[in-house]
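Enquirer: Using this note's numbering, the letters of the sequence shown correspond one by one to residues 324 to 688.
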Amino acid sequence: MLFKQLFDKETWTYTYFIADEVSKEAAFIDPVNTQIESYIALLAEHGLTLKYSFETHVHADHITASGLLRQRTGAKTCVSHKGGAQLADIQLHDGDIFKLGNEEIKAISTPGHTPGCTSYLWRDRLFSGDSLFIGGCGRTDFQGGSASDLYDSITQRLFTLPDDTLVYPGHDYSQRWVSNIKQERTTNPRLAGKSREEFIEIMNNLNLPKPRLIDESVPANRYCGLDENERQDAVARRDESADSCAARTKMTGPDLVAAAKQQITEVNVERAKQLLAEGNITLIDTREESEYAAGHIDNAILLPRGVLEFKLSTVPELADPSRAILIYCRTGGRAALAAQTLQTLGYNTVLSIAGGFEAWEKAQA
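1) When you compare the CB of THR433 with every CB in chain B, is at least one pair closer than 7 Å?
2) Can you tell me which of ARG513, VAL501 and GLN585 puts its alpha carbon nearest to the alpha carbon of SER697?
3) Going by other Cβ atoms of all chains shown within 10 Å of its Cβ, with 16 needed for buried, is MET324 buried or exposed?
4) What are the boundary residues of the beta strand (DSSP E) that SER403 is part of?
5) Roughly how many angstroms separate the alpha carbons of LEU674 and ILE648, rounded to a whole number?
6) Starting from the Cα of LEU529, find the closest Cα among ALA411, ARG646, GLY461 and GLY435 and give me that residue.
7) Using 8 Å as the Cβ pair cut-off and three pairs as the minimum, do the region 445-457 and the region 401-418 touch?
8) From which residue to which residue does the alpha helix (DSSP H) around TRP683 run?
9) Taking GLU507 as the reference, which of LEU484, TYR496 and ILE523 has the closest Cα?
10) Identify every run of the alpha helix (DSSP H) within the region 600-643, keeping only runs that are complete inside it and at least 4 residues long; order them along the chain.
11) Exposed or buried, ASP447, counting other C-beta atoms within 10 Å across all chains shown (16 or more means buried)?
12) Between the C-alpha atoms of GLU520 and LEU371, what's the straight-line distance to the nearest angstrom?
13) Which stretch, first to last residue, makes up the beta strand (DSSP E) that contains ALA647?
14) Among the candidates GLY467, ALA600, GLU611 and ALA688, whose CA atom is the shortest distance from the CA of TYR651?
15) Applying the 10 Å Cβ sphere with the 16-neighbour rule, what's the burial state of PHE695?
16) Taking the alpha-carbon of VAL501 as reference, which of THR334, PHE330 and THR357 has the nearest alpha-carbon?
17) Looking only at its own chain, which residues have a Cβ that is under 8 Å from the Cβ of GLN666, when we skip the five neighbours before and after it?
18) Buried or exposed: where does HIS382 fall if 16 or more other Cβ atoms within 10 Å of its Cβ makes it buried?
19) Do PHE450 and TYR339 have their C-beta atoms within less than 7 Å of each other?
20) Give me the residue from LEU531, CYS547, LYS347 and ILE607 with the minimum Cα distance to GLU426.
21) State buried or exposed for GLN498, treating a residue as buried only when at least 16 other CB atoms are found within 10 Å of its CB.
22) At the level of alpha carbons, what is the spacing between THR433 and ASN603?
23) At the level of alpha carbons, what is the spacing between PHE465 and THR441?
24) I need the boundaries of the beta strand (DSSP E) containing THR338, first residue and last residue.
25) Can you name the residues that DSSP bridges to THR372?
26) Sort LEU635, ASN527, PHE680 and ALA686 by Cα distance to TYR670 and report the nearest one.
27) If you draw a straight line from the alpha carbon of GLU333 to that of GLY679, how long is it in whole angstroms?
28) What distance in whole Å lies between the Cβ atoms of GLY548 and ARG387, which are believed to be in contact at a cut-off of 8 Å?
29) Which whole-angstrom value is the C-beta distance of TYR443 and PHE351, which I expect to be below 8 Å?
30) Can you tell me whether DSSP reads VAL673 as helix, strand or coil?
31) Relative to the C-alpha of PRO532, which residue among ILE523, TYR337 and ASP384 is closest?
32) Curious, which full-length alpha helix (DSSP H) runs of at least 4 residues does the region 377-448 contain?
In structure tokens, the structure reads:
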């Protein structure tokens, strides 16, 4: 086997490269788009075929190279089905096994930093993404994060691995590159000897600045790092089975919208007006800032589709998942996908305005 830990100094991101030198199959974990040429060169140097590009989550601090690697090599992009990356080839689930020759990489669901966080276990090596750092852990104050979920993920899923399991994090800002489970369980200052309540208090009082690249990274990473033009032709693949990656269906953007509309509730403009008049409902505009500035429904809160779950914490009333939500975009497509995401995040009542803002304006004429 061939294993390399790669480092992007601009974003302090670790990327991991695993290859089976017998089958010549390889995989990247958390590749960074600015390093694409070095990845291609690495594959060529060893005569390897890239089979998978894994993401530990939808990142807020760099843009992934997964989409570019798919274009250049045909590799399958793999992201949690809870990650909100609509264009990923494989929407993976907890316990999924991926093979490189005779080697196996196992997906371990570790929500908390984001709902879709996934760690990967290969042999005695854990790739923990932003769930578990060396002497720390990922933040939980945005991206739909949950300190309680992260505590469970780390203490019940990761700390139960063998003590000598090596921990390779998604980032480190002190030039450390590896730890192990025993070291983190016994010395990690956020977790060692801490109760759930103590951990939650620590996480709720970090008061960290927002990531510098979040507004650029999150929308791009929802589309596997592809830019606006590349997205138009991108093809989405989704697992039909939680247990297998073999049965997948090919879906275009319109297909995704149609599928989402089957899972949400739409209301017409008249009913939307009634709900707003009654109160006790939060109105969300999922369009882009320029569209919102050109005209919007009164009292609508702007949460663009691409960064929706990452900005939910900026809306106090949405801290309560039982809060009713009314959502819209220009014609209904983006709102349908956003409503589906909100349902995945646990919101009980999410309604979309059929026809979107265009229907609303037409009704006012």
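Every residue, glycine too, gets a C-beta built ideally from N, C-alpha and C. Note that the structure is a prediction, hence the values are computed from the model and not measured.
Expert: So, to answer that:
1) Judged by its chain identifiers, the structure shown contains no chain B, having just a single protein chain.
2) Nothing can be reported for residue 697: it is not among the residues displayed for the chain, which extend from 324 to 688.
3) That one is exposed.
4) Note, SER403: beta strand (DSSP E), 399-403.
5) A straight line joining the alpha-carbon of LEU674 with that of ILE648 spans about 6 Å.
6) GLY461
7) no
8) 679-687
9) LEU484
10) Entirely contained in the region 600-643, the alpha helix (DSSP H) runs reaching 4 residues are, in chain order, 612-617.
11) exposed
12) 47 Å
13) 647-651
14) GLU611
15) Because the chain in this structure spans residues 324 to 688, residue 695 falls outside the shown range and cannot be described.
16) Considering only alpha carbons, the answer is PHE330.
17) GLN586, ILE587 and VAL673
18) buried
19) yes
20) With distances taken between Cα atoms, GLU426 lies closest to LYS347.
21) exposed
22) 33 Å
23) 17 Å
24) 336-343
25) THR372 is bridged by DSSP to GLU348.
26) Between TYR670 and the set LEU635, ASN527, PHE680 and ALA686, the nearest pair of CA atoms involves LEU635.
27) Rounded to the nearest whole angstrom, the C-alpha separation of GLU333 and GLY679 is 40 Å.
28) Position check: residue 387 holds Thr in this sequence, whereas Arg was assumed. Indeed, because the Cβ distance is near 4 Å, the residues count as touching under 8 Å.
29) With 8 Å as the limit, TYR443 and PHE351 do not qualify as a contact, their Cβ atoms being about 11 Å apart.
30) strand
31) ASP384
32) Listed in chain order, the complete alpha helix (DSSP H) runs (minimum 4 residues) inside the region 377-448 are 389-396.
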